[in-house]
Amino acid sequence: MRLGKVIGRVTLGKTAPEFDGARWLVVTPYNRGYFPDSPYPDDGRLSSDPSVVVYDNLGAGVGDTVGFIEGREAASPFSERMAIDAISGVLVDKINYHPLP
Amino acid sequence: MQLARVEGNITSTVKHPSFNGWRLLICQPVDSEGTASGSPVVAIDPYGAGLHESVIVSTDGKAARRAINDNKSPVRHMVVGIVDRKEAPAKPLRKTA
Numbered sequence: 025m026r027l028g029k030v031i032g033r034v035t036l037g038k039t040a041p042e043f044d045g046a047r048w049l050v051v052t053p054y055n056r057g058y059f060p061d062s063p064y065p066d067d068g069r070l071s072s073d074p075s076v077v078v079y080d081n082l083g084a085g086v087g088d089t090v091g092f093i094e095g096r097e098a099a100s101p102f103s104e105r106m107a108i109d110a111i112s113g114v115l116v117d118k119i120n121y122h123p124l125p
Numbered sequence: 238m239q240l241a242r243v244e245g246n247i248t249s250t251v252k253h254p255s256f257n258g259w260r261l262l263i264c265q266p267v268d269s270e271g272t273a274s275g276s277p278v279v280a281i282d283p284y285g286a287g288l289h290e291s292v293i294v295s296t297d298g299k300a301a302r303r304a305i306n307d308n309k310s311p312v313r314h315m316v317v318g319i320v321d322r323k324e325a326p327a328k329p330l331r332k333t334a
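So the protein sequences, as listed, match chains A and B. With this note's numbering, the residue at position 35 of the first sequence is 59, and numbering never jumps. With this note's numbering, the residue at position 77 of the second sequence is 314, and numbering never jumps.
Below you can see the structure in the form of structure tokens.
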């Protein structure tokens, strides 16, 4: 599971049938230089990693920090076939981050 | 499995129910010399690893789902061991690159 900040939402027009009513977040992932109170502030507004579109049913809004899971495990909460590979697992309340240089 | 260093933790109330009660540690993958490589991941931790300790993180969801005891959980990374001591290889590894 990686952390990331929600920077937007995506509304899909034509989708696979199982995606009806799905909620999609655009998340910029936290890499080492982008943690909110990290002593190594990333200079740009977005993290250098590419943004990820994440399936969400926890109700994260723009500006929240979420933990999202990528890969096959993202589809395990669903009983029917679900073609997703990123899902939000937690809404982060507090980050305690103390990196060693 | 990756060698990683614990560099923090996160707290969360709104989450997938399978994560309830589990410690969520921020683990920074490191190479053998201890320099950070790659972006940090959040792993569930059954062993109580402390801050800046070296741990082994497994990326296999099946094992994590069994540990978390919920087959529908999206959990993936899990601390599977705390490193006591790292031993250098007997003879230096040949530089491939």
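Glycine is no exception: its CB is placed at the ideal position from the N, C-alpha and C atoms. Bear in mind the structure is a predicted one, so any value in this text is a computation, not a measurement.
- Proximal residues, the stretch 242-259 of chain B versus chain A, C-beta separation under 9 Å: Arg242, Glu244, Gly245, Asn246, Ile247, Thr248, Ser249, Thr250, Val251, Lys252, His253, Ser255 and Phe256
- Query: Can you list, in chain order, the residues of the stretch 105-117 of chain A whose Cβ is nearer than 8 Å to any Cβ on chain B?
  - Reply: Ile111, Gly113, Val114, Leu115, Val116 and Asp117
- Message: Under DSSP, the beta strand (DSSP E) around Lys299 of chain B begins and ends at which residues?
- Response: Per DSSP, Lys299 of chain B belongs to no beta strand (DSSP E); it is in the alpha helix (DSSP H), Gly298 to Ile305.
- Query: So is Met315 of chain B buried or exposed if we call it buried at 16+ other beta carbons inside 10 Å?
  - Reply: buried
- Task: Under 8 Å by Cβ, that's how I've got Ile305 of chain B and Ser249 of chain B pegged, so tell me the actual separation to the nearest angstrom.
- Result: 15 Å between Cβ atoms; not a contact.
- Would you say Ala286 of chain B reaches chain A, if we count a Cβ-Cβ gap shorter than 8 Å as a contact? no
- Element boundaries [beta strand (DSSP E), containing Tyr126 of chain A]: The structure shown has nothing for residue 126 of chain A, since chain A only spans 25 to 125.
- Which term fits Pro53 of chain A, buried or exposed, when burial requires 16 or more other beta carbons within 10 angstroms of its beta carbon? buried
- Message: Can you tell me whether Ala40 of chain A is helix, strand or coil according to DSSP?
- Response: coil
- Taking C-beta pairs closer than 8 Å, name the residues in chain B that Asp100 of chain A reaches, listed in chain order. According to the sequence shown, residue 100 of chain A is Ser rather than Asp. Those within 8 Å of Ser100 of chain A in chain B are Gly298, Arg302, Asn308, Lys309, Ser310 and Pro311.
- Task: For Met25 of chain A, count neighbouring Cβ atoms within 10 angstroms of its own Cβ and tell me buried if that reaches 16, exposed if not.
- Result: buried
- Query: Are any of the Cβ atoms in chain B nearer than 8 Å to that of Leu27 of chain A?
  - Reply: yes
- Members of the stretch 33-57 of chain A near chain B, C-beta cut-off 9 Å: Pro53, Tyr54, Asn55 and Arg56
- Message: Rounded to the nearest angstrom, what separates His122 of chain A and Gln265 of chain B at their Cα positions?
- Response: 11 Å
- Task: Take Lys299 of chain B as the anchor and find which of B:Glu290, B:Tyr284, B:Lys309 and B:Thr272 has the nearest alpha-carbon.
- Result: B:Lys309
- Give the single residue among B:Arg331, B:Gly285, B:Val292 and B:Gly275 whose Cα lies nearest to the Cα of Asp321 of chain B. B:Val292
- Task: Return the CA-CA distance between Ile108 of chain A and Lys328 of chain B, expressed in angstroms with no decimal places.
- Result: 45 Å
- Query: For Gly245 of chain B, is the classification buried or exposed, using 16 other Cβ atoms within 10 angstroms of its Cβ as the cut-off for buried?
  - Reply: buried
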